[in-house]
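**Q** After the structure tokens below, expect a handful of questions from me.
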Amino acid sequence: MLRFEDARRLILNHCRPLGPERISLSTACNRVLAEDMHAPWDLPRWDNSAMDGFALRHADPGAAASLPVEGYLAAGALPGAVLAPGTAMKIMTGAPLPKGADTVVPMEEAHEEAGRVRFAKPPTPGAHVRRQAEDVRAGELVIPAGSLLRPAEIGMLASFGKIVVPVYRRARIAVLSTGDELVEPGEPLSEARIVNSNAYALAAALQEIGAEPILLGIARDTRESHLDLLRQGLEVDGLITSAGISTGDRDLVRDVLLELGAEEIFWKIDIKPGRPMAFLRSGFRPIFCLPGNPVATLITFEELVKPAVLRLMGHRKVIQPFVQGILEEPVRKKPGRGQFLRVRLRVRDGRFLVSTSGDQQTGILRTLVRADGLVYLPPEAADLPAGAVVDLHLLGRQVEMLEE
Ligand code: AMP
Ligand code: MG
461 MLRFEDARRL
471 ILNHCRPLGP
481 ERISLSTACN
491 RVLAEDMHAP
501 WDLPRWDNSA
511 MDGFALRHAD
521 PGAAASLPVE
531 GYLAAGALPG
541 AVLAPGTAMK
551 IMTGAPLPKG
561 ADTVVPMEEA
571 HEEAGRVRFA
581 KPPTPGAHVR
591 RQAEDVRAGE
601 LVIPAGSLLR
611 PAEIGMLASF
621 GKIVVPVYRR
631 ARIAVLSTGD
641 ELVEPGEPLS
651 EARIVNSNAY
661 ALAAALQEIG
671 AEPILLGIAR
681 DTRESHLDLL
691 RQGLEVDGLI
701 TSAGISTGDR
711 DLVRDVLLEL
721 GAEEIFWKID
731 IKPGRPMAFL
741 RSGFRPIFCL
751 PGNPVATLIT
761 FEELVKPAVL
771 RLMGHRKVIQ
781 PFVQGILEEP
791 VRKKPGRGQF
801 LRVRLRVRDG
811 RFLVSTSGDQ
821 QTGILRTLVR
831 ADGLVYLPPE
841 AADLPAGAVV
851 DLHLLGRQVE
861 MLEE
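Printed below as a string of structure tokens:
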């Protein structure tokens with residue numbers, strides 16, 4: 461049966477970035493740049509002072525001890541000032557260095573009195589000067605297409621005056637729940653009914669990565685109902701279904717998708733939870749058929765759908781690497797099946813300490829609510845003792861820190 465890593469690769473191979481659009485920089489955080497950004501000018505644009513202090517020419521005979529002060533350059537002063545030989549010029553951080561100057565002595569190392577400045581120690585040549593283009597040279601590639609726009613990238617774009625930026629379109633992903641037992645939250649819960657929680661969980665998971673969920677509601681366990689709603693799902697950039705993909709006689713999702721012309725890439729993966737997952741495509745549209753069990757739905761989304769949706773939205777970096785953690789308790793496992801464990805994480809001395817977040821049966825959602833991460837145990841793994849090193853994915857960025 462297909463291994464987790466192979467399933468993920470297959471899925472990614474079938475996903476290509478959607479088209480671009482232009483948006484205002486002020487709304488571009490967490491979007492993905494769609495064109496390479498080259499610098500239109502040098503950064504900094506001129507040599508300038510890194511400190512409040514005195515600009516001087518290091519080779520001047522007086523520079524080792526004391527110089528007359530002539531002139532003052534505030535931040536924002538126009539470039540083009542000239543330093544007269546044998547003088548120093550008072551200069552503020554960021555102000556362009558006057559022509560002829562090559563060194564700055566900070567205020568803290570200088571004493572100004574009666575129009576002269578004395579230096580506490582001989583200045584170091586070239587000290588406290590930011591050179592033109594030392595950050596970026598005009599024409600250089602500064603942000604490649606496919607980069608996530610985080611605050612640092614937004615700042616860089618702003619520093620080059622790019623107030624309108626080309627980004628990849630957000631993916632519009634249809635979400636369809638299936639099953640006669642489902643009612644929408646808020647509807648009367650008669651006996652044997654359960655709430656369609658997956659649609660909400662999946663919509664949230666999509667929103668979290670910047671995609672736009674399109675909620676299609678619930679397909680009932682008839683061919684007609686599936687046909688109607690699945691057809692709608694094939695009109696947007698991608699489709700996620702939950703439930704109805706096992707081998708029950710009411711499990712219609714795959715059959716109806718095939719009837720609608722979709723091509724099946726795989727069905728079933730060697731992971732638990734999540735084994736019955738199927739992946740199909742219709743033209744360029746990926747179709748993710750996830751198991752119905754809420755824990756399996758979210759774990760397969762996290763591990764297999766998320767990288768694909770990130771790729772649709774143009775991200776170059778779509779894989780979350782495994783990090784290593786140390787088991788605080790033994791884990792029982794039979795070799796032969798891959799498994800994701802829901803775990804709590806704590807950090808001590810820079811290492812992740814891993815303990816299970818509770819009952820690992822697929823039906824227990826509470827264990828996922830408590831989880832900080834997912835440990836991946838490959839098919840060949842067997843029982844592991846406390847202290848064993850395991851691979852894991854973080855489910856958030858922050859974890860509990862233990863004092864040393
Ligand atoms: P199935 O894949 O149809 O056998 O469903 C597996 C389990 O997931 C059953 O217990 C379903 O009731 C449950 N389930 C299916 N769809 C949903 C949903 N949309 N929200 C919450 N639970 C669901
Ligand atoms: Mg069902």
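Just so you know, we're using the working numbering here: the sequence shown kicks off at 461 and counts up by one.
All C-beta atoms in this analysis are idealised placements derived from N, C-alpha and C, irrespective of residue type, glycine included.
Everything numeric in this text was worked out from a predicted model, so none of it was measured.
Can you tell me whether DSSP reads E723 as helix, strand or coil?
**A** As a first step, residue 723 is located in the sequence shown; it is residue number 263 there, counting from the start. Three-state DSSP puts E723 in a strand.
**Q** Would you kindly work out how many angstroms separate the C-alpha atoms of L770 and L855, rounded to a whole number?
**A** Residue 770 sits at position 310 when you count from the first residue of the sequence shown. Residue 855 sits at position 395 when you count from the first residue of the sequence shown. Their Cα atoms are separated by approximately 16 angstroms.
**Q** Since P751 contacts G698 with CB under 8 angstroms, what's their CB separation in whole angstroms?
**A** As a first step, residue 751 is located in the sequence shown; it is residue number 291 there, counting from the start. As a first step, residue 698 is located in the sequence shown; it is residue number 238 there, counting from the start. P751 to G698, Cβ: 18 angstroms. No contact.
**Q** Measuring straight from C-alpha to C-alpha, what distance separates P455 and E530?
**A** As displayed, the chain neither begins before 461 nor continues past 864, which places residue 455 out of reach and without an answer.
**Q** Once you ignore the five residues that flank P504 on each side, which residues in its own chain have a CB closer than 8 angstroms to its CB?
**A** For the purposes of this step, residue 504 is identified with residue 44 of the sequence shown, where counting begins at 1. Correct list, in chain order: R590, R591, Q592, A593, E594, D595.
**Q** If I follow the unbroken alpha helix (DSSP H) through D688, where does it start and stop?
**A** One-based indexing of the sequence shown puts residue 688 at position 228. Note, D688: alpha helix (DSSP H), 683 to 693.
**Q** Roughly how many angstroms lie between the CA atoms of S619 and L601, to the nearest whole one?
**A** Counted from its first residue, the sequence shown places residue 619 at position 159. Counted from its first residue, the sequence shown places residue 601 at position 141. For S619 and L601, the distance between alpha carbons rounds to 14 angstroms.
**Q** Got a sec, what are the start and stop residues for the beta strand (DSSP E) G531 sits in?
**A** To locate residue 531, count along the sequence shown from 1; it is residue 71. Counting along the chain, G531 sits inside the beta strand (DSSP E) bounded by residues 526 to 533.
**Q** So, for D520: in the same chain, excluding its five sequence neighbours on each side, which residues have a beta-carbon less than 6 angstroms away from its beta-carbon?
**A** If you number the sequence shown from 1, residue 520 lands on position 60. Closer than 6 angstroms at the Cβ level, and outside the excluded window around D520, lie G546.
**Q** Cβ of A703 within 7 angstroms of any heavy atom in ligand 1?
**A** Residue numbering aside, residue 703 sits at position 243 when the sequence shown is read from its first letter. Checking every heavy atom of ligand 1 against the Cβ of A703, one is found closer than 7 angstroms.
**Q** Taking the Cβ atom as the reference point for each residue, do V635 and I729 lie within a distance shorter than 8 angstroms?
**A** By one-based count along the sequence shown, residue 635 stands at place 175. By one-based count along the sequence shown, residue 729 stands at place 269. No, these two residues do not count as a Cβ contact at 8 angstroms.
**Q** Under DSSP, the alpha helix (DSSP H) around F744 begins and ends at which residues?
**A** Reading the sequence shown from its first residue, position 284 is the one you call residue 744. Run containing F744: none; DSSP gives neither H nor E here.
**Q** Write down every uninterrupted run of the beta strand (DSSP E) in the stretch 766 to 817 whose length is 3 residues or greater and which is fully enclosed by it, in chain order.
**A** 783 to 787, 798 to 808, 811 to 816
**Q** Sort out for me which residues DSSP pairs T563 with in a bridge.
**A** By 1-based counting over the sequence shown, the position of residue 563 is 103. L516, per the DSSP bridge assignment.
**Q** Would you say the beta carbon of L642 comes nearer than 7 angstroms to a heavy atom of ligand 1?
**A** Taking the first residue of the sequence shown as 1, we reach residue 642 at position 182. Yes; taking the cut-off as 7 angstroms, the Cβ of L642 has a heavy atom of ligand 1 nearer than that.
**Q** Give me, in chain order, the residues of the same chain whose beta-carbon lies closer than 7 angstroms to that of A722; leave out the 5 immediate sequence neighbours on both sides.
**A** Working through the sequence shown from its first residue, we reach residue 722 at position 262. Around A722: L740, R741, S742, I747.
**Q** Consult DSSP for T707 and reduce its assignment to one of helix, strand or coil.
**A** The residue labelled residue 707 in the question sits at position 247 within the sequence shown. In the structure shown, T707 sits in coil (DSSP, three-state: anything other than H, G, I, E or B).
**Q** By a C-beta neighbour count over all protein chains shown, 10 Å radius and 16 as the cutoff for buried, is C489 buried or exposed?
**A** Counted from its first residue, the sequence shown places residue 489 at position 29. Its Cβ having fewer than 16 others within 10 Å, C489 is exposed.
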